[in-house]
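Q:
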Amino acid sequence: MIARDARTGVIFRRGPSRQVQLIRWDLRDDTFEHGQWLKGRVYERRCDLSPSGRLLVYFAATNRPPYGSWTAISKPPFFTALALWPKGNAWGGGGVFEGEDTLLLNHSFERDNVELADGFSLKPSIRVKPCGELSGRGEDDPINGMMRERDGWRSVEPGEWHLGGLNATTLVDFSKPQISEKPGPNGWRLQMILNAIGRQNRQWYDIDHRVVDRDGLVLVDLTECNWADWDGGDLVFARHGCLYRMSKSRTRDYCGKGEDVFQCLHDFSAARFEAVAPTRWSLKY
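Heads up: the sequence shown runs through residues -8 to 276, numbered per my numbering.
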């Protein structure tokens, strides 16, 4: 996830199961600050960075007391909450930074408790508002669709799908993939291709990415790539536990040289849980 107004981002490094590490990414020199782990589930499609990248809003669950699930604001690369709203279920949750000091909280302001948990506080300048008319409804959508539209993605193919049966190994299977795209340099477009949802022993969303030119010719084909975005004219993407960059100048070389044009920025696959205490900096806005 990349901040809108700064060359910084965060990585949610998942695994082993139900363990997530938060990592801060400096896109100016592709260096990484490895931060805290959380023993639980982070719903990354309901998380957002403030425009400056200084604050993160995330939705997480342990399904254990005292909260079960919650939405929180923290300072990357730390999960330690500055503000925390208990949720208790997996409907809604998370939020969207409308601006540096405005949070759209994805809780129902009618059905949920939207009071901060004891011991937590908001920065005085931060305003909290509902996340649209459907605030607190759905799961990854509609909140993820709101953020993707804000970030320049648009749907180009709704796809054709069917629900799996009682004993099916896939919850939703697309006979015709769902495709959305984001414009890049030189008339190129980055496309996200959704093939299935809830496939057994696979990531929840079975996603590929590709880059096509203005005529629809495939320039770069990224199978089993669960995240990709533009960084200026460069393509950055995650696959098989690694983060990659492909410079704009090398895009045309992919046809002849294949994956040799990809620069592996870091392999996160060997990371394992360790307790990381919050710093004094992370405990203050």
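Note that the Cβ used here is the ideal one computed from N, Cα and C, for glycine as well.
For residue 58 and residue 127, I'd like the C-alpha separation in whole angstroms.
A: Taking the straight line joining both Cα atoms gives about 17 angstroms.
Q: Rounded C-beta distance between residue 78 and residue 103? I'm assuming under 8 angstroms.
A: About 7 angstroms separates the two Cβ atoms, so the contact holds.
Q: Let me know if residue 15 comes out buried or exposed under the rule of 16 or more other beta-carbons within 10 Å of its beta-carbon.
A: Its Cβ being crowded by 16 or more others within 10 Å, residue 15 is buried.
Q: Determine which residues share a DSSP beta bridge with residue 5 and list them.
A: BP columns for residue 5 point to 11.
Q: Closer than 6 angstroms by C-beta to residue 35: which residues in its own chain qualify, once you throw out the five before and the five after it? Chain order, please.
A: Answer for residue 35: 3, listed in chain order.
Q: Taking DSSP as the reference, what is the three-state secondary structure of residue 141?
A: Reduced to three states, the DSSP call for residue 141 is helix.
Q: Using beta carbons (cut-off 9 angstroms, strictly below), is residue 72 in contact with chain C?
A: The displayed structure is made up of one protein chain only, and chain C is not part of it.
Q: Taking the Cβ atom as the reference point for each residue, do residue -4 and residue 43 lie within a distance shorter than 9 angstroms?
A: Yes, the Cβ-Cβ distance between residue -4 and residue 43 is below 9 angstroms.
Q: In this structure, does DSSP put residue 245 in helix, strand or coil?
A: Residue 245: helix per DSSP, three-state reduction.
Q: For a test of the three-state rule: what should DSSP assign to residue 186, helix, strand or coil?
A: The answer is strand: DSSP assigns residue 186 an E or B state.
Q: Could you tell me which residues DSSP pairs with residue 174 in its beta bridges?
A: Paired residues: 180.
Q: Helix, strand or coil, according to DSSP, for residue 282 in the structure here?
A: A query on residue 282 cannot be resolved here, the shown segment of the chain reaching from -8 to 276 and no further.
Q: Name the DSSP beta bridge partners of residue 146, please?
A: Note: residue 146 sits in a beta bridge opposite 171.
Q: So what does DSSP say about residue 118, is it helix, strand or coil?
A: It is a strand residue.
Q: May I have a chain-ordered list of the alpha helix (DSSP H) segments no shorter than 4 residues that lie completely inside the stretch 195 to 269?
A: Qualifying alpha helix (DSSP H) stretches, in chain order: 245 to 248.
Q: Three-state secondary structure (DSSP) at residue 156?
A: Coil.
Q: I think residue 125 touches residue 133, with their Cβ atoms under 8 angstroms apart; what is that distance to the nearest whole Å?
A: About 5 angstroms separates the two Cβ atoms, so the contact holds.
Q: Just to check my reading of the structure: residue 84 and residue 118 have Cβ atoms closer than 8 angstroms, yes? What is that Cβ distance to the nearest angstrom?
A: At roughly 19 angstroms, the Cβ-Cβ gap does not stay under 8 angstroms, so residue 84 and residue 118 are not in contact.
Q: Give me, in chain order, the residues of the same chain whose beta-carbon lies closer than 8 angstroms to that of residue 0; leave out the 5 immediate sequence neighbours on both sides.
A: So the list reads -8, -7, -6, 15, 16, 18, 40, 44, once near-sequence residues are dropped.
Q: Do you know whose CA, among 253, 219, 20, lies nearest residue 142's CA?
A: Comparing Cα-Cα distances from residue 142 to each of 253, 219, 20, the minimum goes to 219.
Q: Distance, Cα to Cα, residue 197 vs residue 168?
A: Between residue 197 and residue 168, the C-alpha separation is close to 10 angstroms.
Q: What would DSSP say about residue 35, mapped onto helix, strand or coil?
A: Helix.
Q: Taking C-beta to C-beta, are residue 242 and residue 252 nearer than 9 angstroms?
A: Yes, these two residues count as a Cβ contact at 9 angstroms.
Q: Rounded to the nearest angstrom, what separates residue 177 and residue 211 at their Cα positions?
A: Their backbone Cα atoms lie some 14 angstroms apart in a straight line.
Q: Apart from the five residues just before and just after residue 173, which ones in its own chain have a Cβ nearer than 6 angstroms to its Cβ?
A: Cβ within range, chain order: 143, 144, 181.
Q: Please go through the same chain and pick out, in chain order, the residues whose beta-carbon is closer than 6 angstroms to the beta-carbon of residue 235, but skip the five residues on each side of it.
A: Contacts found: 228, 253, 255.
Q: Taking only the alpha-carbon atoms, compute the straight-line gap between residue 29 and residue 247 and give it to the nearest angstrom.
A: If I take the Cα positions, the gap works out to 42 angstroms.
Q: Quick check: the Cα distance between residue 186 and residue 215, rounded to an integer number of angstroms?
A: Between residue 186 and residue 215, the C-alpha separation is close to 10 angstroms.
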